[in-house]
Amino acid sequence: MENYRLVLPENLNQFGFLFGGYLLKWIDEVAWMAASLEHPDCLFVTVGMKEVSFHRSVREGSILQFVIDKVDTGTTSVTYLVRVNCKEEEVFSTEVTFVRVNEAGKKLSLPKS
Ligand SMILES: CC(C)(COP(=O)(O)OP(=O)(O)OC[C@H]1O[C@@H](n2cnc3c(N)ncnc32)[C@H](O)[C@@H]1OP(=O)(O)O)[C@@H](O)C(=O)NCCC(=O)NCCS
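Numbering (this note's numbering), first residue to last: 56 to 168.
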């Protein structure tokens, strides 16, 4: 799955570059959408993000490309690799894991495929 995001003035830090917290939020969101589209009957919560390491700064007006690929399916969890590119250069990548839960927030096994 692919997604895009425009970096707006409200996404910048005091030095004029993208604030890392927004990028983490967008990564969580796009990976959650990939998991939820793939398992439409499941409710997912984020349980972990593997590595948080920002490779390059990003300026206002940049168009970020998010490339999301599934890398693992467990008993209750699914993991997606999210790569973020700006002008064809990778600025960030990490793996995000989600756990299927019920309405009370207790983990549930994934449906058999
Ligand atoms: C998600 C939650 C229900 C899991 O319950 P738990 O009893 O801790 O579950 P477990 O330790 O058995 O782990 C469940 C699965 O997640 C995986 N997992 C747990 N922690 C992980 C981590 N840090 N990174 C990657 N995977 C992880 C386990 O390997 C397991 O996978 P599997 O069932 O596919 O083999 C519980 O941790 C929780 O409620 N967390 C808060 C979730 C949340 O609110 N997220 C929003 C951000 S605040």
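No residue lacks a Cβ here, since even glycine has one placed at the ideal position from N, Cα and C.
Discussion item. Rounding to the nearest angstrom, what Cα-Cα distance links Val156 and Lys125 in this structure?
Written reply: If you take the alpha carbons of Val156 and Lys125, they lie about 19 Å apart.
Practice prompt. Specify, as a first and last residue, the run of the alpha helix (DSSP H) that Lys125 falls within.
Written response: Where Lys125 is concerned, there is no enclosing alpha helix (DSSP H), although the beta strand (DSSP E) it sits in stretches over Ile118 to Thr128.
Discussion item. Nearer than 7 Å: is that true of the beta carbon of Val122 relative to any heavy atom of ligand 1?
Written reply: Taking the Cβ of Val122 as the reference point, every heavy atom of ligand 1 lies at 7 Å or farther away.
Worksheet item: Do the CB positions of Ile118 and Tyr59 come within less than 8 Å of each other?
Response: yes
Worksheet item: Whose C-beta lies closer than 7 Å to the C-beta of Val85 among residues of the same chain, with five residues either side of it excluded?
Response: Asn58, Phe121, Ile123 and Val137
Worksheet item: Which residues mark the beginning and the end of the beta strand (DSSP E) in which Leu61 is found?
Response: Glu57 to Leu61
Worksheet item: Can you list, in chain order, every residue whose CB sits closer than 6 Å to a heavy atom of ligand 1?
Response: Val100, Thr101, Val102, Gly103, Gly129, Thr130, Thr131, Ser132, Thr152, Val154, Val156, Gly160 and Lys162
Worksheet item: Going by Cα to Cα distance, which pick from Lys105, Val107 and Tyr135 is closest to Val56?
Response: It is worth fixing the name first, because residue 56 is Met in this sequence and not Val. Met56 has its Cα closest to that of Tyr135, out of Lys105, Val107 and Tyr135.
Practice prompt. Look up Glu150 in the DSSP assignment and say whether it is helix, strand or coil.
Written response: In the structure shown, the three-state DSSP call for Glu150 is strand.
Item to complete: Select from Leu67, Phe70, Leu79 and Glu65 the residue whose C-alpha is nearest the C-alpha of Ser108.
Response: Leu79
Worksheet item: Should Thr130 be counted as a contact of ligand 2 given a C-beta to heavy atom distance under 7 Å?
Response: Absence of ligand 2 from the depicted structure is noted, with ligand 1 being the only ligands included.
Worksheet item: Tell me, which residues are paired with Leu136 by DSSP?
Response: Asp124 and Glu150
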